[in-house]
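Note sheet for the following structure.
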Amino acid sequence: MAQVKEYVGKVKPDWCPGCGDFGVLNALQRALAELDIAPHNVLIVSGIGCSSNLPGFIHAYGFHGLHGRSLPVASGARLGNTDLTVIATGGDGDGYGIGVGHFVHTCRRNLNMTYIVMDNQVYGLTTGQASPTTEKDIRTKSTPEGTIELALNPIALALSCGATYVARGFSGENLHLAQLMKGAIEHKGFALVDVFSPCVTYNKHNTYPWFRERVYKLEDKHHDPADFRLAMERAFEWGAEIPIGLFYKVDRPTYEDEEPTLRRNGTPLAKQPLERPELAAIMEDFI
Amino acid sequence: MTHPQTELTVWIGGAAGDGIASAGESFAQACSRLGYHVFAYNSYQSVIRGGHVCMHVRIGTHKVYTQGDELDYLIALNADSFQRYATRVMPGGAILYNTDKFKAQPEQAGKDVQLMGLPVMELAGNQLMQNTALLGALIQVIGLNPATTRELIQERFTKKGEPIIKANLDAFDKGMEHAKRNGRPSGIRVGPGDGKRRPLAGGNPMVGFGALAAGCRFYSAYPMTPASSLLHWLVKYATTTGLLVKQCEDEISALNMAIGAGHVGVRAMTGTSGGGFALMTEAVGEAGMTETPVVIVEAMRGGPSTGLPTKTEQGDLFQILGASQGEFPKVILAPRTLQECYDMAIHAFNLAEKYQCPVLIATDLYLAERLETFEGVNISKIPIERGELVTQANGNGYRRFAVTPSGVSPRALPGTAGTVYTAATDEHDEDGIVISDVFTNPPVRKKMMEKRMRKIEGILSELPAPQLDGPANVELTLVGWGSTYQVMLEAMEALNREGFQVNVLCLRYLWPFQTAAVSRLLSSCKMTMSVEGNYTGQLVRLIRMETGISIQHHLRKYDGEPFEPRQVIEQARMLLKTKPKGSVVAAVVSDEGLPPDFSPIENPAIGAEATRQH
Numbered sequence: 018m019a020q021v022k023e024y025v026g027k028v029k030p031d032w033c034p035g036c037g038d039f040g041v042l043n044a045l046q047r048a049l050a051e052l053d054i055a056p057h058n059v060l061i062v063s064g065i066g067c068s069s070n071l072p073g074f075i076h077a078y079g080f081h082g083l084h085g086r087s088l089p090v091a092s093g094a095r096l097g098n099t100d101l102t103v104i105a106t107g108g109d110g111d112g113y114g115i116g117v118g119h120f121v122h123t124c125r126r127n128l129n130m131t132y133i134v135m136d137n138q139v140y141g142l143t144t145g146q147a148s149p150t151t152e153k154d155i156r157t158k159s160t161p162e163g164t165i166e167l168a169l170n171p172i173a174l175a176l177s178c179g180a181t182y183v184a185r186g187f188s189g190e191n192l193h194l195a196q197l198m199k200g201a202i203e204h205k206g207f208a209l210v211d212v213f214s215p216c217v218t219y220n221k222h223n224t225y226p227w228f229r230e231r232v233y234k235l236e237d238k239h240h241d242p243a244d245f246r247l248a249m250e251r252a253f254e255w256g257a258e259i260p261i262g263l264f265y266k267v268d269r270p271t272y273e274d275e276e277p278t279l280r281r282n283g284t285p286l287a288k289q290p291l292e293r294p295e296l297a298a299i300m301e302d303f304i
Numbered sequence: 002m003t004h005p006q007t008e009l010t011v012w013i014g015g016a017a018g019d020g021i022a023s024a025g026e027s028f029a030q031a032c033s034r035l036g037y038h039v040f041a042y043n044s045y046q047s048v049i050r051g052g053h054v055c056m057h058v059r060i061g062t063h064k065v066y067t068q069g070d071e072l073d074y075l076i077a078l079n080a081d082s083f084q085r086y087a088t089r090v091m092p093g094g095a096i097l098y099n100t101d102k103f104k105a106q107p108e109q110a111g112k113d114v115q116l117m118g119l120p121v122m123e124l125a126g127n128q129l130m131q132n133t134a135l136l137g138a139l140i141q142v143i144g145l146n147p148a149t150t151r152e153l154i155q156e157r158f159t160k161k162g163e164p165i166i167k168a169n170l171d172a173f174d175k176g177m178e179h180a181k182r183n184g185r186p187s188g189i190r191v192g193p194g195d196g197k198r199r200p201l202a203g204g205n206p207m208v209g210f211g212a213l214a215a216g217c218r219f220y221s222a223y224p225m226t227p228a229s230s231l232l233h234w235l236v237k238y239a240t241t242t243g244l245l246v247k248q249c250e251d252e253i254s255a256l257n258m259a260i261g262a263g264h265v266g267v268r269a270m271t272g273t274s275g276g277g278f279a280l281m282t283e284a285v286g287e288a289g290m291t292e293t294p295v296v297i298v299e300a301m302r303g304g305p306s307t308g309l310p311t312k313t314e315q316g317d318l319f320q321i322l323g324a325s326q327g328e329f330p331k332v333i334l335a336p337r338t339l340q341e342c343y344d345m346a347i348h349a350f351n352l353a354e355k356y357q358c359p360v361l362i363a364t365d366l367y368l369a370e371r372l373e374t375f376e377g378v379n380i381s382k383i384p385i386e387r388g389e390l391v392t393q394a395n396g397n398g399y400r401r402f403a404v405t406p407s408g409v410s411p412r413a414l415p416g417t418a419g420t421v422y423t424a425a426t427d428e429h430d431e432d433g434i435v436i437s438d439v440f441t442n443p444p445v446r447k448k449m450m451e452k453r454m455r456k457i458e459g460i461l462s463e464l465p466a467p468q469l470d471g472p473a474n475v476e477l478t479l480v481g482w483g484s485t486y487q488v489m490l491e492a493m494e495a496l497n498r499e500g501f502q503v504n505v506l507c508l509r510y511l512w513p514f515q516t517a518a519v520s521r522l523l524s525s526c527k528m529t530m531s532v533e534g535n536y537t538g539q540l541v542r543l544i545r546m547e548t549g550i551s552i553q554h555h556l557r558k559y560d561g562e563p564f565e566p567r568q569v570i571e572q573a574r575m576l577l578k579t580k581p582k583g584s585v586v587a588a589v590v591s592d593e594g595l596p597p598d599f600s601p602i603e604n605p606a607i608g609a610e611a612t613r614q615h
């Protein structure tokens, strides 16, 4: 097993003291260390938001892209070099708001990669507007009289779109979260780890104590992650009891498994020669 | 501008769903195999069935630059096409049609035009054989060797089995026989071809072919006319060449995926048209800021907005030029010919990797979807330049965005030990550490900005100088870019044959702009006329912006159809004769044979149900 410190980046996180994202970063470093994946074989792709700064704080290759576009960049990177462990990270605004179209399609695509969403139910970096997972009637800077739209349910959405590993963690449960991430990275297919990662500055509603009072671990209730219907049922539990843990896991061929070009030649595209002997034959087709 | 004995033009008109494109392609290919030069352009509508489609095929014993503007032979697959074009067939030509579909009277055609009606049901026993039978009659009337057409019928229907091949060959022979028995030898004939089997392709396949030659291994796209045929062509060769083709949920994803693949070291490309490119815009800057190589094809169509999905226009130059916020190096290439589609696609990948920036290839429907013979391209020694790559850490501490005199920072690919970094779209320092959030550092920002922008000098030094085509010291220079090249060449040659002195300046490297060279060339011109497929003269504005030189006269077209040689010739001739002092701005329009009061409500799509194609 590698040491956690091997994954500590040069830059200290600039998140607010107490931010849930610290716990997510620690859990990810722990998961990578336990899996003993060398930092140079990991590519972490993010979008924009407080949480999307994570690649800058971890010692691994990183790509800090555009708001909402982490999944397409991660998908392209994964298809380009299947030797890399590709992890996308970001927040709820990034992944479930501006980037939700990519989220839906990435779930059904089932590429072998992991998506960690630091879900704080608010837009932090833009100073406190409502996010797609803000609960109904919550007052935010952009909704002074309360939000009108229903909160998006990322777990149910991922399940219905075909994600093959669907989990939720809580950054206040660091070891538990690290195990969920470990499972996600090890899982062959698209894995979502949605994380309750409280924003201590702009979300005065979904706080650490609020979650501590409500979360329970699915494994403690002997939840069977192979049961899709049950997973869907649990996904809608919200209120006095909110589940964290592994909702669902299934083995399905990955996109890489079935992609015709990759199936014919397993060498990563990035490592293949550029010269093409087939040009003369193609030229013949023009005649 | 038909020259008897050296060229002739065939139009095949009908409704979408009549199989016009495949009949036209067969004829074009049959002619190219006979050693003729061929240029074919399909004018079609945004419907799957119905509407009006007309394929123009021009063949010659010399290079034919365009679809031309006259027709010698018309295959009318419906009454609509007959009504539109019958009177335009040149004397000595012929009109071929299916008498089961409509009846035509001799007085409806032009003088000395042969009307050749084929009773298709009686001849072939099946209306599905209409195109093949008419093709047979056409070959007979023109007096071409039927061998290559028969050969193509066999190739095209191989997968469908022997009975289908036989039925088509029979229909073809019956068509020929019918024309032989009932027709008279045509007055418009073309001399024999030179027997050289020239390749025949369009701009999209040639860009794709160039990309494959350059080692492109990743193509991501969302369907959009006229870029879709690039997707289709590439996917056809995906498995044999090891290219991964990914259809994405939208164009935002398409470019971001290509950037992801480019970031890990794969030569990656995406392709779209104007609307899709608008969605890609933000990611163009992402490639610029993260210094990721990527190639983007923008095959323009008529805008604005959804515009004219199946029509051509050069209306997106300023969109491409201005794409994405802020300033960063990017390259805009506008190939003018099929060979340049191939060569410049290869160049695009080399520039993208050497200068770690987005490279745009701007084509348009007219170039992308035409069919044209070409003289072959270099496939044996492809120049591949990957730029500076760091394959192992040297122990001195790797800085991904190191400030260098050239502005190019040696690139390490994810997976390389000892060179770990993050590429950020936020401003960052040489190590890739974001400087935007906590401590924005003005001197570092300035240094990084200058580092990136310095790459432009290197790019400029690699671009071949623009050149004038035709004689020097002329009375009039035609100025344009991209796909209008060959129509300008054809006009130039025709005008010079008339005794005028005309040459052409057609740009293909649009950005970074070759200010010094273009200024030098334009300064030596006496009179200039721009030829552009847009309303506002985008190239003219770019030239003025970058050189301070104003092109004097302007010919524009924004009706969806390509320029016809005659339109350029007539306007140029007028300028050459009258030498106007002021600036003359003219816009030309194609005559598609529709009455001026045509109403789509009273004339619903001809054929079966109309479904739209975008």
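Protein chains in written order, with the working numbering: chain Y, 18 to 304; chain W, 2 to 615. Built from N, CA and C at the ideal position, the CB exists for glycine as well.
Practice problem: Check the Cβ-Cβ distances between Ala214 of chain W and every residue of chain Y, and say whether any is below 8 Å. | Solution: yes
Practice problem: Would you kindly work out how many angstroms separate the C-alpha atoms of Phe514 of chain W and Leu60 of chain Y, rounded to a whole number? | Solution: 36 Å
Exercise. Check whether the Cβ of Thr144 of chain Y lies closer than 8 Å to any Cβ atom in chain W.
Key: no
Quiz prompt | Residues of the region 329–359 of chain W whose Cβ lies closer than 8 Å to any Cβ of chain Y, in chain order | solution = none
Quiz item: Between W:Phe350, W:Glu499, W:Gly304, which lies nearest to Ala269 of chain W when the distance is taken from Cα to Cα?
Solution: W:Phe350
Self-check item: Interface partners of Glu287 of chain W on chain Y, CB under 7 Å
Solution: Gly82, Leu83
Self-check item: Rounded C-alpha distance that separates Glu458 of chain W from Met135 of chain Y
Solution: 43 Å
Practice problem: Measure from the alpha carbon of Lys158 of chain Y to the alpha carbon of each residue in Y:Lys221, Y:Gly118, Y:Pro56, then state which is nearest. | Solution: Y:Lys221
Quiz item: Shorter than 8 Å from the beta carbon of Asp251 of chain W to some beta carbon of chain Y?
Solution: yes
Quiz item: Name the DSSP beta bridge partners of Trp255 of chain Y, please?
Solution: DSSP, once it has assigned bridges, lists no residue as partnering Trp255 of chain Y.
Practice problem: Kindly list, in the order they appear in chain W, the residues whose Cβ is closer than 7 Å to that of Glu275 of chain Y. | Solution: By Cβ distance, chain W contributes nothing, its closest Cβ being about 12 Å from Glu275 of chain Y, past 7 Å.
Quiz item: Do we get a CB-CB distance below 8 Å when we pair Ala363 of chain W with the residues of chain Y?
Solution: no
Self-check item: Simplified DSSP assignment, three categories, for Tyr37 of chain W
Solution: coil
Quiz item: Whose C-alpha, out of W:His429, W:Met225, W:Ile154, is nearest the C-alpha of Glu287 of chain W?
Solution: W:His429
Exercise. Can you say whether Glu162 of chain Y is buried or exposed, counting buried as having 16 or more other CB atoms within 10 angstroms of its CB?
Key: exposed
Quiz item: If you compare alpha carbons, which of W:Thr579, W:Ala105, W:Glu252, W:Thr7 is closest to Asp73 of chain W?
Solution: W:Thr7
Self-check item: Identified DSSP bridge partners for Pro359 of chain W
Solution: W:Val295
Quiz item: Hey, is Glu203 of chain Y's beta-carbon within less than 8 Å of any beta-carbon in chain W?
Solution: no
Self-check item: Spatial neighbours of Pro147 of chain W in its chain, beta-carbon cut-off 6 Å, leaving aside the 5 residues before and after
Solution: Ile140
Quiz prompt | Reduced DSSP secondary structure (H/G/I, E/B, other) of Tyr272 of chain Y | solution = helix
Exercise. Indicate whether at least one CB of chain A lies closer than 8 Å to the CB of Arg157 of chain W.
Key: Absent from the structure: chain A. Protein chains present are Y and W.
Quiz item: Is there at least one Cβ from chain W nearer than 8 Å to Asn127 of chain Y's Cβ?
Solution: no
Self-check item: Range of the contiguous beta strand (DSSP E) that encloses Arg498 of chain W
Solution: Unbroken run through Arg498 of chain W is the alpha helix (DSSP H), 486–498; no beta strand (DSSP E).
Practice problem: Specify, as a first and last residue, the run of the alpha helix (DSSP H) that Ile570 of chain W falls within. | Solution: 566–579
Quiz prompt | Reference Gln131 of chain W; option with closest CA among W:Trp234, W:Ile13, W:Leu235 | solution = W:Ile13
Exercise. Can you pull the chain Y residues whose beta carbon is under 7 Å from the beta carbon of Asp195 of chain W, in chain order?
Key: Simply none; closest approach about 14 Å.
Self-check item: Val11 of chain W vs Val39 of chain W beta-carbon contact at 8 Å
Solution: no
Practice problem: Output yes or no for whether 8 Å exceeds the beta carbon distance between Arg337 of chain W and Gly483 of chain W. | Solution: yes
Quiz prompt | contact_flag[the region 110–125 of chain Y, the region 84–100 of chain Y] where n(CB pairs < 8 Å) is 3 or more | solution = yes
Quiz item: Are the C-beta of Val25 of chain Y and some C-beta of chain W separated by less than 8 Å?
Solution: no
Exercise. Could you list which residues in chain Y have their beta carbon closer than 8 Å to that of Ile385 of chain W, in chain order?
Key: Leu291, Glu292
Quiz item: CB Thr131 of chain Y to CB Ala208 of chain Y, shorter than 8 Å?
Solution: yes
Quiz item: Could you give the distance in angstroms between the alpha-carbon of Gly358 of chain W and the alpha-carbon of Pro206 of chain W?
Solution: According to the sequence shown, residue 358 of chain W is Cys rather than Gly. Approximately 24 Å, taken between the alpha carbons.
Quiz item: Do you know how far the Cα of Leu83 of chain Y is from the Cα of Ser63 of chain Y?
Solution: 8 Å
Quiz item: List, in order along the chain, the chain W residues whose C-beta lies closer than 7 Å to that of Phe303 of chain Y?
Solution: Pro200, Leu201, Ala202
Quiz item: Which whole-angstrom value describes the C-beta separation of Gly583 of chain W and Ala287 of chain Y, a residue pair presumed to lie in contact below a C-beta threshold of 8 Å?
Solution: Gly583 of chain W to Ala287 of chain Y, Cβ: 58 Å. No contact.
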